[in-house]
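Step one of this worksheet: look at the structure below.
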Amino acid sequence: MREVDYNIIVDTVARLCTEANYFLGEDVVNAFKQGLEKEESPTSKDILNQLLQNAEIARTEKIPICQDCGYAVVFLELGEDVHVKGNILNAIKDGVKKGYTDGYLRKSILADPIKGKNTGDNTPPIVHTTIVPGDKIKITVAPKGGGSENMSEVKMGKPADGIEGVKEFVLDRVLRSSANPCPPIIVGVGIGGNFEYSAFLAKKALLRDIGQRHPDPFYADVERELLEKINNLGIGPMGLGGRITALDVFIEVYPRHIASFPAAVNINCHAARHKTAII
Amino acid sequence: MSEPIKLKAPVSDEDIMKLKIGDSVLISGIILTGRDAAHKRLYDLASKGEPLPVDIKGQIIYYVGPAPAKPGYVIGPAGPTTSYRMDPYAPLLMELGLKGMIGKGIRSKEVREAMQKYKAVYFSATGGAAALIAKNIKEVKIIAYEDLGPEAIRELTVENFPVIVANDAYGGDLYEEGTKKYRR
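Those protein sequences? They're chains Y and W, same order as listed.
Numbering of the first sequence is given in this note's numbering, commencing with residue 42 and proceeding in unit increments.
Numbering of the second sequence is given in this note's numbering, commencing with residue 358 and proceeding in unit increments.
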């Protein structure tokens, strides 16, 4: 059994928290640039230019892209032949605390959903753990802002709804979200599984890089079709009207119960943040 | 695009009535900040007819909860938060003299109607452009509700803060008109 030191996990998670918040992915930066070529609205071109400038300032000055530094969502792939001295979940929590405190990131977590009170260090994180073969630990930190999360939804449809029903649900959800989730958005769609698993799939879909299509050509085509239809809604950057409403649409699927047809939409703002490390 | 309009804050009714949806505006002067928790407190006081800890007459309020400032910075990244959460509180504040709101995202019918009734405007700032916007903030002073941390009410001295008029005092709505224009 391979042994990994507690502090290696802490330091890695802390680094991933700050890097995800400071450095916008190259895929998103390139999507802004391509969007500028396609955008027809002068106001929206201004906005895309501001977003490019913003990413550059954040990168060079090592400050967050957005003041909402998110809920720290962590995807953990834990090899079955590796052991962390101490407790790996505590180490991840300590890493989030260190990253958000030392990195001047905003702390946005209330200890109790009704009674409030900020936890002061952006803990606890939300950790999704998968046990995998091997002796490696893969950690992805994906800070998620509140504005876009609030525009997300799970729908328990009827099996008869089929893929057309899913498309309708996604388009309706994006239309109703309008300007609120900070377009241009990235749309994660989970189809199948059950109630909670569809939402997990939609969240996991957001980890893909812009342009990375689903391996199944059927779903890859649906992703392309939805992207085009979303951009034809005319919402545009910040919802002020324009051609670039979404940068991409990602679908993840899972087997479902014969009676159920769950589908989930998890919307991400353009500050699509996720950084990964393998230990 | 036409040249941006320079606006000095706080503002008068006359300043507000000059603004139309789609106008690009650069705000300089003093603005206030406030978001969910601060709005609830202001609203609760105002509903009971009690005095507010800040004078909001002629003011522009920016819906923001900044990130912490790094050493050497006056403020951390400070982009707009989503405005609809302040919709239940905004009409009463406009009745008390609030003239402008800066945020992101669409407003309710009640808020849009109150803007016409009380002569106020709603500006859209670029969500997620927080590091860039912070460059236009020159001074920061906490003036109320320090216990709320990022949600405390601050007085910001801003220079050429870039915004777009999304809803004007004439009932214009750029979200609706802009979307209609580019829909296929």
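Every residue, glycine too, gets a C-beta built ideally from N, C-alpha and C.
Note that the coordinates shown come from a computational prediction; the quantities given were computed from them, not determined experimentally.
Shortest Cα-Cα distance from Glu194(Y) to any of Arg43(Y), Pro224(Y), Phe73(Y), Val306(Y) involves Val306(Y). For Arg398(W), the uninterrupted alpha helix (DSSP H) segment begins and ends at 393-404. Under the Cβ criterion (8 Å, minimum of three pairs), the segment 507-517 of chain W counts as touching the segment 378-391 of chain W. Inclusion of Tyr295(Y) and Gly198(Y) in the CB contact set at 8 Å is not warranted, their separation being larger than that value. Across the set Ile155(Y), Ala183(Y), Asn159(Y), Ala261(Y), the C-alpha of Ala183(Y) shows the shortest separation from the C-alpha of Ile167(Y). Here the alpha carbon of Leu146(Y) sits roughly 12 Å from the alpha carbon of Ala435(W).
By the Cβ criterion, the segment 200-208 of chain Y is in contact with the segment 290-304 of chain Y, since at least three pairs of Cβ atoms, one from each stretch, lie closer than 8 Å. The beta carbons of Asn273(Y) and Arg442(W) sit about 29 Å from each other, so the pair does not count as a contact at 8 Å.
Secondary structure of Tyr502(W) (DSSP, three-state): coil. The beta carbons of Leu117(Y) and Ile180(Y) sit closer together than 8 Å. Under the Cβ criterion of 8 Å, Glu190(Y) is not counted among the residues facing chain W.
DSSP assignment within the segment 167-193 of chain Y yields the following whole alpha helix (DSSP H) runs of 4 residues or more, N-terminal first: 187-190.
Ranked by how close their Cα comes to the Cα of Ile494(W), the residues Ile500(W), Tyr400(W), Ile373(W), Asn517(W) have Asn517(W) in first place. For Val497(W), the closest of Leu531(W), Ala424(W), Asn524(W) by C-alpha to C-alpha distance is Ala424(W). Classified as buried, Lys134(Y) has 16 or more neighbouring CB atoms from the shown chains inside 10 Å of its CB. Beta-bridge pairing by DSSP links Met458(W) to Ile418(W), Tyr479(W). With fewer than 16 other beta carbons inside 10 angstroms of its own, Asp122(Y) counts as exposed. In this chain, the alpha helix (DSSP H) harbouring Ile271(Y) covers 258-272. The secondary-structure analysis by DSSP pairs Asn131(Y) with nothing; it has no beta-bridge partner. Three or more beta-carbon pairs drawn from the segment 237-257 of chain Y and the segment 280-298 of chain Y are found closer than 8 Å, and the two stretches are therefore classed as touching.
Counting only the Cα atoms, Asn62(Y) lies some 19 Å from Ala246(Y).
8 Å or more divides the Cβ of Ala318(Y) from the Cβ of Leu119(Y). Within 7 Å of the CB of Pro423(W), the CB atoms of chain Y belong to Gln108, in sequence order along the chain. For Ile494(W), DSSP records a beta bridge to Val515(W).
Between the C-alpha atoms of Gly136(Y) and Gly188(Y) there is a straight-line separation of about 24 Å.
One finds Tyr539 in chain W with Cβ atoms closer than 8 Å to the Cβ of Glu81(Y), taken in chain order.
Counted as a single uninterrupted DSSP element, the beta strand (DSSP E) harbouring Lys316(Y) occupies residues 316-319. The criterion of a C-beta distance shorter than 8 Å is not satisfied by Asn163(Y) and Ile155(Y). Collapsing the DSSP output to three states places Val411(W) in coil.
Assignment of Thr53(Y) by DSSP, reduced to helix, strand and coil, places it in the helix class.
Val290(Y) is the residue among Pro105(Y), Cys107(Y), Val290(Y) whose C-alpha sits nearest the C-alpha of Val211(Y). For Lys427(W), the residues of chain Y that pass the 7 Å Cβ criterion are Ile104, Tyr145, in the order they occur in the chain.
Cβ neighbours of Ile178(Y) within its own chain (closer than 8 Å, five residues either side excluded): Val45, Ile50, Leu117, Glu118, Leu119, Gly120, Val123, Val125, Ile129, Ile319, Ile320. Think of a sphere of 9 Å around the beta carbon of His311(Y): the chain W residues whose beta carbon falls inside it are Gly484, Gly485, in chain order. Val431(W) sits in coil when the DSSP states are folded into three classes, being neither helix nor strand.
Taking the Cα positions, Asp87(Y) is about 34 Å away from Val411(W).
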